[in-house]
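Below is one structure, written out as structure tokens, with a few remarks after it.
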Amino acid sequence: MTAEGEIIHFDNVGLRYGTEREVLSDLTFTLYAGRFYFLTGASGAGKTSLLKLLYLAQRPSRGAVRMFGNDAITLSRASLPALRRRIGVVFQDFRLVPHLSAFDNVALPLRVAGHGEKDIAGPVRDILEWVGLSERIDAVPATLSGGEQQRIAIARAVIGRPAVLVADEPTGNVDPEMALKLLRLFEMLNRQGTTVVVATHDLDLLRKVPDSLIMRLERGRLADPTGALRHPPARRT
Amino acid sequence: MSRDGTTRRERRLGPSMLHGMRRLGGGGAELIPQGRMSGPMPWVIAIMVALTAIALAAGLSIGNAVSAAKAEIEGGVTIQIIEPREDTRDRQTREVAKAVQQLPGVSGLRIVPREELDSLIEPWLGSGIAEATGSAIPVPALIDVRLATGATPQRVETIRAAARKVTEAARVDAQSSWLRPVFEAMVSLQILAIALVALLTLALAAAVLLAARSALGANRDVIEIVHLLGGTDKQVARVFQRSIGFDAAGGGAVGLALALVVIVLLARRFEGLGAGLVDNGALVWSDWLLLALVPILATLLAMITARFTVLHALRKML
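Here the protein sequences come in this chain order: A and B. Residue numbers for the first sequence follow the numbering used here, so the first one is 1 and each next one is one higher. Residue numbers for the second sequence follow the numbering used here, so the first one is 1001 and each next one is one higher.
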């Protein structure tokens, strides 16, 4: 049974790598469409592991995960790509393809989705302009600064208009001014209906998005002291 | 900023991005860096294709020689009149020829002229013996008989009986019986050539398998990104398949060119021998067509091998 507006639901999820102890334990939460979430916690709390579960790079060791109405645990391998296309990811280390230009890196999700070249050029140029990199369209990642690479990674994550955008420490490698700009980009997407999940340990960022909900991880467990995750407050209009 | 909180820039971006998503198409930049003819793979394929084409040409040539010789010899019977006195031998030869010609199934008959017999033994005994010794060497007379169908033991026996009625000095042999060891040797060579082609095909598949695995390992990060962006196994496999396909096509073309040079040079050498059996082994147009198919088939084999190798390896990823 899917609650109204629910896009992702974790029920008693645990994750362990090999025979080590669990890095994530007893996670139960729901992400709702169009909300802005911050995932916080100290280094090693399990933020990146939780994000990996969210963008389907990893399957949990136990528990149930429902994504867009599908059981993500029992879903066949062949069905995963379609689900992944609904999730945009900004990796902490950007993970741009080193030999591709900024244009081709951003175009990658559209090409993967099978769009024709004539349908790709316009949106890619638009989004590169949106992130302020229209001048660096032919540059390869090695010639771009950290902030520029971050913006290319964001452009790539959102070009396919994902339902959920997951960003792992997106402001970790940029100066405060650029961090604020990137946050505004995420807010803009969120206003257009994309659910945004940003993992960060920068507590200042949290205050800059007033409607955001906070998921705090402590040693692999989710703290929800106010109950906002279970019963999210209505958004301000 | 408008009332719904979106900026002019956002409103412009939205429809443009959506437009890009609505329509489907193909194409794409090369995900795997392509170094055309730069790695070892194209050259390995070139060598494999060259060796395969040469082995195939040898097999086809031997096959042609065997077929042509068989067609010529299968219906052939040789009658020897072993008689030391020349006048008796000539008379017996004419009588045997007359008797055999009347037998059913004999389509042609020829008494081998004396000059031709002399030229047959010349390589061993030299020329001018009759002039030097004052007497000719008593060489048996030969009658070359052509049968409409194969020289079966029954037909040979009938001819033998007819010849023996004329003279006990007649000896009858089917030409195919004394050439059988030669045919068997040639068929063995042909089987060897086919085995070589099969082995080289296997070696090519193994080389491609290793190359695909190595490329997969070297590009693991890119593959992971493509997967996380929603790429399917088939899309990733297609990238590798195309990359190895280009390498195989380039290598195949070089290999075929190399093989053609070798085949033409060898053909000229064998032409120079002037031996009947070898002359019959010339390649015909369908053989050249088969040789031209070698690089095409090698490219297809390489692409199929790469596809299945990559798909198998990807199944281990989530």
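Glycine residues also receive a C-beta, built at the ideal position from the N, C-alpha and C atoms. Here the structure is a predicted model, which is why all the values come from computation and not from measurement.
To the nearest whole angstrom, what separates the beta carbons of A:L185 and A:I152, a pair I think is in contact under 8 Å? Within the first sequence, residue 185 of chain A is the residue found at index 185, counting from 1. Within the first sequence, residue 152 of chain A is the residue found at index 152, counting from 1. That pair is no contact at about 12 Å.
- Which residues in chain A sit within 7 Å of B:V1290, going by Cβ to Cβ distance? Along the second sequence, read from residue 1 onward, the residue named residue 1290 of chain B stands at position 290. It should be pointed out that residue 1290 of chain B corresponds to Leu in this sequence rather than to Val. Result: empty, since nearest Cβ-Cβ is about 39 Å, beyond 7 Å.
How many angstroms separate the CA atom of B:F1308 from the CA atom of B:T1299?
For the purposes of this step, residue 1308 of chain B is identified with residue 308 of the second sequence, where counting begins at 1. For the purposes of this step, residue 1299 of chain B is identified with residue 299 of the second sequence, where counting begins at 1. In a straight line, the C-alpha of B:F1308 is about 14 Å away from that of B:T1299.
*Could you check where the alpha helix (DSSP H) with A:T48 kicks off and where it finishes?*
Sequence index remark: in the first sequence, residue 48 of chain A carries index 48 (1-based). First-last of the alpha helix (DSSP H) with A:T48: 47-54.
Should A:H9 be labelled buried (16 or more other beta-carbon atoms within 10 Å of its own) or exposed?
Position 9 of the first sequence, counting from 1, holds the residue named residue 9 of chain A. Classification for A:H9: buried.
inquiry  = So, at 7 Å on beta carbons, what are the nonlocal neighbours of B:R1164 in its own chain, with the 5 sequence-adjacent residues on each side left out?
reply    = Numbered from its first residue, the second sequence carries residue 1164 of chain B at position 164. Once the five neighbours on either side are set aside, the close Cβ partners of B:R1164 are A1170.
Own chain partners of B:I1073 with C-beta closer than 8 Å, once the 5 adjacent residues on each side are dropped:
Translated into the one-based positions of the second sequence, residue 1073 of chain B becomes position 73. Same-chain partners within the cutoff: Q1175, S1176, L1179.
**Request:** Please compile the residues from chain B whose C-beta is within a distance smaller than 8 Å of the C-beta of A:P109.
**Result:** The sequence position of residue 109 of chain A within the first sequence is 109, counting from 1. Within chain B, the residues near A:P109 are L1229, G1230.
Q | Test: B:G1026 CB closer than 8 Å to a CB of chain A | A | For the purposes of this step, residue 1026 of chain B is identified with residue 26 of the second sequence, where counting begins at 1. Low per-residue confidence applies at B:G1026: pLDDT is 35, beneath 50, and the placement is therefore not dependable enough to give any value.
Neighbour flag for A:P238 against chain B, beta carbons, 8 Å
Residue 238 of chain A lies beyond the residue range present for chain A, which begins at 1 and ends at 237; the question has no answer from this structure.
Might you give, ordered along the chain, the residues of its own chain that have their beta carbon closer than 8 Å to the beta carbon of A:A223, omitting 5 neighbours on each side? Here the question's residue 223 of chain A lines up with position 223 in the first sequence. Contacts found: R216, L217.
**Message:** Per the DSSP calculation, A:M67 is bridged to which residue(s)?
**Reply:** Numbered from its first residue, the first sequence carries residue 67 of chain A at position 67. For A:M67, which the question treats as bridged, DSSP gives the partners A:I8, A:N70.
query = Which residue spans inside the stretch 1227-1283 of chain B form an unbroken beta strand (DSSP E) run of at least 3?
reply = none
* To do: Any chance you could list the alpha helix (DSSP H) runs of at least 4 consecutive residues sitting entirely within the stretch 114-176 of chain A, in chain order?
  => 117-130, 146-158
Worksheet entry | Pick from B:R1160, B:V1139, B:I1047 that is closest to B:Q1101, judged by C-alpha positions | Here residue 1101 of chain B refers to the residue found at position 101 of the second sequence. Measuring from the Cα of B:Q1101, the nearest candidate turns out to be B:R1160.
**Request:** Would you kindly work out how many angstroms separate the C-alpha atoms of B:V1226 and A:F68, rounded to a whole number?
**Result:** Sequence index remark: in the second sequence, residue 1226 of chain B carries index 226 (1-based). Sequence index remark: in the first sequence, residue 68 of chain A carries index 68 (1-based). Their Cα atoms are separated by approximately 21 Å.
- Query: In angstroms, rounded to a whole number, what distance separates the CA positions of B:A1097 and B:N1064?
  - Reply: Locating residue 1097 of chain B in the second sequence gives position 97, counting from the first residue. Locating residue 1064 of chain B in the second sequence gives position 64, counting from the first residue. For B:A1097 and B:N1064, the distance between alpha carbons rounds to 32 Å.
Requested in this report: State the start and end residues of the unbroken alpha helix (DSSP H) segment that holds A:R16.
Outcome: By one-based count along the first sequence, residue 16 of chain A stands at place 16. No alpha helix (DSSP H) contains A:R16, which DSSP labels as neither H nor E.
Closer than 7 Å at the beta carbon, the chain B residues around A:V89:
Translated into the one-based positions of the first sequence, residue 89 of chain A becomes position 89. Here the neighbours are L1228.
- Mark B:V1264 as exposed unless 16 or more other C-beta atoms lie within 10 angstroms of its C-beta, in which case mark it buried. In the second sequence, counting from the first residue as 1, residue 1264 of chain B sits at position 264. Burial call: exposed.
Exercise. Are the stretch 1048-1058 of chain B and the stretch 1116-1124 of chain B touching, with three or more C-beta to C-beta distances below 8 Å?
Worked result: no
Q. Which term fits B:V1061, buried or exposed, when burial requires 16 or more other beta carbons within 10 angstroms of its beta carbon?
A. Within the second sequence, the letter at position 61 stands for residue 1061 of chain B. Reading off the sequence, residue 1061 of chain B comes out as Ser, not Val. Looking at its Cβ environment, which holds 16 or more other Cβ atoms inside 10 Å, B:S1061 is buried.
Between B:V1145 and B:I1079, is the Cβ-Cβ spacing less than 8 Å? As a working note, residue 1145 of chain B is residue 145 in the second sequence. As a working note, residue 1079 of chain B is residue 79 in the second sequence. Yes, these two residues count as a Cβ contact at 8 Å.
Just to confirm, are A:F36 and A:V196 a CB contact at a threshold of 8 Å? In the first sequence, the residue the question calls residue 36 of chain A occupies position 36. In the first sequence, the residue the question calls residue 196 of chain A occupies position 196. Yes, they are a contact pair.
Can you give me the Cβ contacts of B:L1196 inside the same chain, cut-off strictly under 7 Å, excluding the 5 residues immediately before and after it? The residue you call residue 1196 of chain B lines up with position 196 of the second sequence. So the qualifying residues of the chain are A1055.
Original post:
What's the gap between the Cα of B:A1302 and the Cα of A:G114?
Top reply: Position 302 of the second sequence, counted from the first residue, corresponds to residue 1302 of chain B. Position 114 of the first sequence, counted from the first residue, corresponds to residue 114 of chain A. Answer to the nearest angstrom: the Cα atoms are 25 Å apart.
In angstroms with no decimal places, state the Cα-to-Cα distance between A:S248 and A:G172. The requested residue 248 of chain A is not part of the displayed model; chain A covers only 1 to 237.
_Secondary structure, beta strand (DSSP E): runs of 3+ residues fully inside the stretch 1139-1170 of chain B_ = 1141-1147
> Closer than 8 Å, CB to CB, is B:V1049 near chain A or not?
Replying inline: For the purposes of this step, residue 1049 of chain B is identified with residue 49 of the second sequence, where counting begins at 1. Judged by the 8 Å Cβ criterion, B:V1049 is not in contact with chain A.
Between which two residues does the beta strand (DSSP E) carrying A:S25 extend?
Locating residue 25 of chain A in the first sequence gives position 25, where the first residue counts as 1. 24-32 is the extent of the beta strand (DSSP E) around A:S25.
**Request:** Determine the closest residue to B:E1083 out of B:T1232, B:M1186, B:V1166, B:A1292, with distance taken between C-alpha atoms.
**Result:** The residue you call residue 1083 of chain B lines up with position 83 of the second sequence. Out of B:T1232, B:M1186, B:V1166, B:A1292, B:V1166 has the C-alpha closest to the C-alpha of B:E1083.
Along the chain, where does the alpha helix (DSSP H) that runs through A:S43 open and close?
-> Within the first sequence, the letter at position 43 stands for residue 43 of chain A. Note, A:S43: premise wrong, no alpha helix (DSSP H); not H, not E.
- Query: Going by beta carbon distance, what residues of the same chain come within less than 7 Å of B:R1268, once the five residues before and after it are set aside?
  - Reply: Along the second sequence, one-based indexing puts residue 1268 of chain B at 268. Cβ within range, chain order: n/a, list empty.
Roughly how many whole angstroms lie between the Cα atoms of B:R1220 and B:A1306? Position 220 of the second sequence, counting from 1, holds the residue named residue 1220 of chain B. Position 306 of the second sequence, counting from 1, holds the residue named residue 1306 of chain B. Whole-angstrom Cα-Cα distance: 15 Å.
Check: When the Cα atoms are used, what is the spatial distance from A:A247 to A:R219?
Finding: The displayed coordinates of chain A run from 1 to 237. Any statement about residue 247 of chain A would go beyond what the structure contains.
Checklist entry - Taking just the CA atoms, how far does B:G1076 sit from B:R1091? => result Mapped onto the second sequence, residue 1091 of chain B falls at position 91. Mapped onto the second sequence, residue 1076 of chain B falls at position 76. Roughly 23 Å between the two C-alpha positions.
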